[in-house]
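Chemist:
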């Protein structure tokens with residue numbers, strides 16, 4: 004019988020992305036393996052993106068109509084509010100009382116922040132008609148403050164950016180705060196609304212953006228095309244975290260068992276080494292927190308942005324850590340693109356789906372390595388990495 008100890012349990016998960024506006028619509032997309040890309044004209048070039056569906060747009064318009072102040076908020080903030088409310092509702096934390104819930108803390112991150120509004124305000128500045136709302140609505144801090152307001156949270160409200168590891172770092176922060184007793188409940192996740200002219204142009208300037216706009220899967224992590232197939236997507240996901248003792252756990256509970264970090268010296272503009280040293284460190288760090296007899300996972304949801312360098316580095320890191328017995332590998336970026344700072348939280352939503360349904364739908368394009376879904380899944384690892392040489396890994400287990 005396991006000794007009594009404390010665990011970090013996921014009580015709710017809210018998300019909005021190109022795959023859907025709730026767990027049910029996302030699950031349908033994952034089970035079908037249906038990608039959610041569209042093609043826009045960007046600088047006169049056809050460019051694939053993963054934008055919200057019509058249902059997603061409708062959900063954001065409905066949210067804006069609830070509060071006149073929401074009309075001035077950036078799209079990234081609106082998506083964070085939407086996802087956070089969903090997570091808090093699932094957890095039973097939405098409180099009609101006007102009294103702030105002092106034990107409920109919030110940490111929402113974003114790689115780019117209020118990109119859309121920032122570009123709009125800069126254009127207005129060039130025309131000498133800048134609004135007084137420019138600074139308050141583009142500061143990164145308004146992510147968590149507006150989310151805290153929307154869910155009546157009275158605890159700490161933290162916003163941060165650590166590039167594409169942002170969401171997993173927010174989850175890790177929530178775990179640390181709960182274990183330290185600095186909060187009893189924690190909403191953590193990431194949001195990103197990067198489908199703007201300038202942000203897309205930045206990714207194209209790096210030379211990683213997919214030219215496969217005419218393919219069903221313009222983003223092909225671990226594909227055999229030999230091309231960079233990075234595609235931007237938008238979305239948000241927020242997790243409701245709570246501490247529970249061993250005796251309080253129930254069958255089907257999702258427990259965050261470990262969080263790991265990795266950093267390597269920056270030797271390129273993206274901070275990626277061929278060996279994936281940051282991934283090696285973060286995965287090993289996470290695994291080392293498990294009991295010796297349990298230091299394995301059934302599958303890894305990889306970061307895999309669809310770039311030659313990034314995908315190869317992560318594969319090399321997995322081989323280095325797991326030697327000749329690597330776990331199954333899966334990803335969701337071939338369906339919803341790379342949502343930058345939100346991607347890790349959306350990978351966690353995917354992990355919850357996999358542990359619930361026990362089914363991986365392989366991508367419908369040729370892969371550069373053989374893989375087969377595991378017979379059963381109890382423990383999953385999620386990876387994320389970002390510019391600057393950082394990486395994070397989280398291990399999730401179903402009771």
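In our numbering, the protein residues as written are 4 to 402. We put the CB at the ideal spot given by N, CA and C, even for glycine.
(1) Less than 8 Å separating the beta-carbons of residue 154 and residue 91?
(2) How far does the alpha helix (DSSP H) with residue 138 in it reach, from first residue to last?
(3) Grab me the residues of residue 211's own chain with a C-beta within less than 6 Å of its C-beta, minus the 5 sequence neighbours each way, in chain order.
(4) Considering only the alpha carbon of each residue, which of 80, 302 and 268 lies closest to residue 380?
(5) To the nearest angstrom, how far is the alpha carbon of residue 46 from that of residue 332?
(6) Mind listing, in chain order, the continuous alpha helix (DSSP H) runs of no fewer than 4 residues lying wholly within the stretch 294-346?
(7) Please report the residue range of the alpha helix (DSSP H) in which residue 157 lies.
(8) What number of angstroms, rounded off, separates the C-alpha of residue 349 from the C-alpha of residue 290?
(9) Kindly list the residues whose CB is nearer than 7 Å to the CB of residue 281, restricted to its own chain and excluding five residues on each side of it in sequence; keep chain order.
(10) Would you mind working out which of 167, 80 and 184 sits nearest residue 143, comparing C-alpha positions?
(11) Check whether the stretch 234-254 touches the stretch 15-23, taking contact to mean three or more Cβ pairs, one atom from each stretch, closer than 8 Å.
(12) Taking 8 Å as the threshold (C-beta atoms), are residue 115 and residue 195 in contact?
(13) What do you reckon, are the CB atoms on residue 263 and residue 285 nearer than 8 Å?
(14) Spatial neighbours of residue 84 within its chain, please: C-beta separation below 7 Å, excluding the five flanking residues on both sides.
(15) If you count every other CB in all the chains shown that lies within 10 Å of the CB of residue 7, and 16 or more means buried, which is it?
(16) Is the stretch 189-207 touching the stretch 365-375 in the sense that three or more CB pairs, one from each, lie closer than 8 Å?
(17) For residue 209, which three-state DSSP category applies?
(18) At what residue ranges does the stretch 9-43 contain a whole run of the beta strand (DSSP E), taking only runs of 3 or more?
(19) In three-state terms, what does DSSP make of residue 396?
(20) Specify, as a first and last residue, the run of the alpha helix (DSSP H) that residue 7 falls within.
(21) In angstroms, rounded to a whole number, what distance separates the CA positions of residue 227 and residue 27?
(22) Does the contact criterion of 3 or more C-beta pairs under 8 Å hold for the stretch 119-127 versus the stretch 52-61?
(23) Is residue 358 near residue 378, with beta carbons less than 8 Å apart?
(24) Could you pull the start and end residues of the beta strand (DSSP E) that residue 65 belongs to?
(25) With a CB to CB cut of under 7 Å and the five nearest residues on each side skipped, what residues in its chain are close to residue 300?
(26) Going by the beta-carbon positions, is the gap between residue 175 and residue 192 smaller than 8 Å?
(27) Considering only the beta carbon of each residue, do residue 344 and residue 170 sit closer than 8 Å?
(28) Classify residue 206 as buried or exposed, calling it buried when 16 or more other Cβ atoms lie within 10 Å of its own Cβ.
(29) How long is the line joining the alpha carbons of residue 157 and residue 99, rounded to whole angstroms?
(30) Taking DSSP as the reference, what is the three-state secondary structure of residue 122?
(31) Residues in its own chain within less than 8 Å of residue 319 by CB, not counting five upstream and five downstream?
Modeler: If we stick to the structure as given:
(1) yes
(2) 137-141
(3) 231, 233 and 310
(4) 302
(5) 36 Å
(6) 311-325 and 336-339
(7) Where residue 157 is concerned, there is no enclosing alpha helix (DSSP H), given that its DSSP letter is neither H nor E.
(8) 21 Å
(9) 265, 266, 267, 388, 392, 393 and 394
(10) 80
(11) yes
(12) yes
(13) yes
(14) 66, 149, 150 and 153
(15) exposed
(16) no
(17) helix
(18) 9-20
(19) strand
(20) Looking at the DSSP string, residue 7 is not in any alpha helix (DSSP H), and its letter there is neither H nor E.
(21) 32 Å
(22) no
(23) no
(24) That residue, residue 65, is in no beta strand (DSSP E); its alpha helix (DSSP H) goes 57-69.
(25) 330, 382, 383, 384 and 398
(26) Not a contact, by the Cβ cut-off of 8 Å.
(27) A contact, by the Cβ cut-off of 8 Å.
(28) buried
(29) 14 Å
(30) If DSSP states are grouped into helix, strand and coil, residue 122 belongs with the helices.
(31) 277, 278 and 279
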